[in-house]
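Peer 1: Residue numbers (the working numbering): 3 to 319. Encoded as structure tokens, here's the structure I'll be asking about.
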Ligand SMILES: C[S@@+](CC[C@H](N)C(=O)[O-])C[C@H]1O[C@@H](n2cnc3c(N)ncnc32)[C@H](O)[C@@H]1O
């Protein structure tokens, strides 16, 4: 699968909280690890650096990310497999590879910098691009197709629910008007329609289009639905004693992760409160600012309440 205009060699994504993920998962030579969101392979590489003998399976639904992660992890040879799939298909992926359960899982949710920064992907209002927004460019509905398919009320609900945009009804009306007038071909057109609805003023330093773009991206990629499903199936694929670590970037995601890890039949929480990035990382990588890491250890179901919790990880409370 190739996308015209995209430089496959330039996959630049700064990995968030790599050290913390390695610390909490504590990979071992005989372990099998799973990276649900390979991206540029940053977390996978960090885990393998800590345990070069370990096996690792990495998944991403973005074909460009799969290429980038394969290239980055190639030196680890057969011990590493990078698979193009949605993470909700992970059980099938593991079956195909003959793996029953894994020792540790990491998920670094949301989008990568190349997805956000490539105008061709249509995820950002900062540069002109097609109204696409799909992480998996090989299938599914684009943002334009979604806007055209849903009713104005449904569009308003999406913008309200996933963007927490108070003026969602007005925004949806202006977007639909632009669509009907044939003036909704690009991200620039979409931003113009949003500004028509809410005005050009930045609110709390935020571009007026931020919330609506986030909402449409979440809807196009069904991000919260995917996360909800993977959180339900992760207990089946993590072996007792194994660790799951999830990094989220906004409250809608974090809420789902937090709730899933509260199930004491399944998880012993290693982070009572989410861990956030340190000052240095925050300065060096402004996109890491909103990152929240939650981690939990899989308990054997039958022992859920009698089980003595395994030790907490140093520095994470
Ligand atoms: C923040 S990036 C990961 C970056 C990576 N940890 C690194 O350090 O290079 C998130 C990645 O998750 C992928 N992704 C998001 N939702 C997914 C899903 N439901 N299934 C598979 N991949 C998904 C995106 O395509 C993106 O490449």
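Quick reminder that beta carbons are idealized off the backbone N, C-alpha and C, glycines included. These numbers come from a predicted model, not from an experiment.
Less than 6 Å between C-beta atoms, sequence neighbours within five positions excluded: which residues of the same chain meet that for residue 108?
Peer 2: Closer than 6 Å at Cβ, skipping near neighbours: 23, 37, 45 and 247.
Peer 1: Please name the residue or residues paired with residue 277 in a DSSP beta bridge.
Peer 2: 295
Peer 1: Mind reading off the beta-carbon distance from residue 40 to residue 61? Whole number of angstroms is fine, and I expect it under 8 Å.
Peer 2: 6 Å
Peer 1: Tell me whether residue 189 is buried or exposed, calling it buried when 16 or more other Cβ atoms sit within 10 Å of its Cβ.
Peer 2: buried
Peer 1: For residue 250, is the classification buried or exposed, using 16 other Cβ atoms within 10 angstroms of its Cβ as the cut-off for buried?
Peer 2: Residue 250 comes out buried.
Peer 1: First and last residue of the beta strand (DSSP E) that includes residue 86?
Peer 2: 82-86
Peer 1: Report the residue ranges of all alpha helix (DSSP H) runs contained in full by the segment 123-202; include only those spanning at least 4 residues, in chain order.
Peer 2: 145-151, 154-165, 170-182 and 189-200
Peer 1: Tell whether a beta-carbon distance below 9 Å holds between residue 30 and residue 56.
Peer 2: yes
Peer 1: For residue 58, which residues from the same chain have a beta carbon less than 8 Å from its beta carbon, with the 5 sequence-adjacent residues on both sides left out?
Peer 2: 34, 35, 36, 37, 46, 49, 50, 75, 78, 81, 82 and 83
Peer 1: Could you check whether the segment 175-192 touches the segment 146-160, counting it as contact only if at least three pairs of C-beta atoms, one from each stretch, sit closer than 8 Å?
Peer 2: yes
Peer 1: Would residue 205 be called buried (16 or more neighbouring beta carbons within 10 Å of its own) or exposed?
Peer 2: It is exposed - the Cβ of residue 205 has fewer than 16 other Cβ atoms within 10 Å.
Peer 1: Please work out which residues of its chain come closer than 8 Å, Cβ to Cβ, to residue 278, disregarding the five sequence neighbours upstream and downstream, and give them in chain order.
Peer 2: 293, 294 and 295
Peer 1: Once DSSP output is grouped into helix, strand and coil, what is the label at residue 268?
Peer 2: coil
Peer 1: At which residues does the beta strand (DSSP E) containing residue 246 begin and terminate?
Peer 2: 240-250
Peer 1: Per DSSP, residue 64 forms a beta bridge with which residues?
Peer 2: Paired residue(s): none; residue 64 is not in a bridge.
Peer 1: In angstroms, rounded to a whole number, what distance separates the CA positions of residue 54 and residue 105?
Peer 2: 15 Å
Peer 1: The alpha helix (DSSP H) that contains residue 44, what's its start and end?
Peer 2: 44-52
Peer 1: Any idea what DSSP makes of residue 204, helix, strand or coil?
Peer 2: coil
Peer 1: Report the option in 265, 289 and 181 whose CA atom is closest to the CA atom of residue 300.
Peer 2: Nearest C-alpha to residue 300: 265.
Peer 1: Shorter than 8 Å, the distance from the beta carbon of residue 255 to the closest heavy atom of ligand 1, or not?
Peer 2: no
Peer 1: Evaluate residue 165 with the Cβ neighbour count: other Cβ atoms within 10 Å of its Cβ, from every protein chain shown; 16 or more gives buried, anything less gives exposed.
Peer 2: buried
Peer 1: What number of angstroms, rounded off, separates the C-alpha of residue 116 from the C-alpha of residue 245?
Peer 2: As the crow flies, the alpha-carbon of residue 116 is around 28 Å from that of residue 245.
Peer 1: Where does residue 182 land, buried or exposed, given buried means 16+ other C-beta within 10 angstroms?
Peer 2: Residue 182 should be labelled exposed.
Peer 1: DSSP state of residue 96, grouped into three classes?
Peer 2: helix
Peer 1: Do residue 131 and residue 124 have their C-beta atoms within less than 9 Å of each other?
Peer 2: yes
Peer 1: With a threshold of 8 Å, establish whether the CB of residue 94 neighbours any heavy atom of ligand 1.
Peer 2: Residue 94 Cβ: outside cutoff for every heavy atom of ligand 1.
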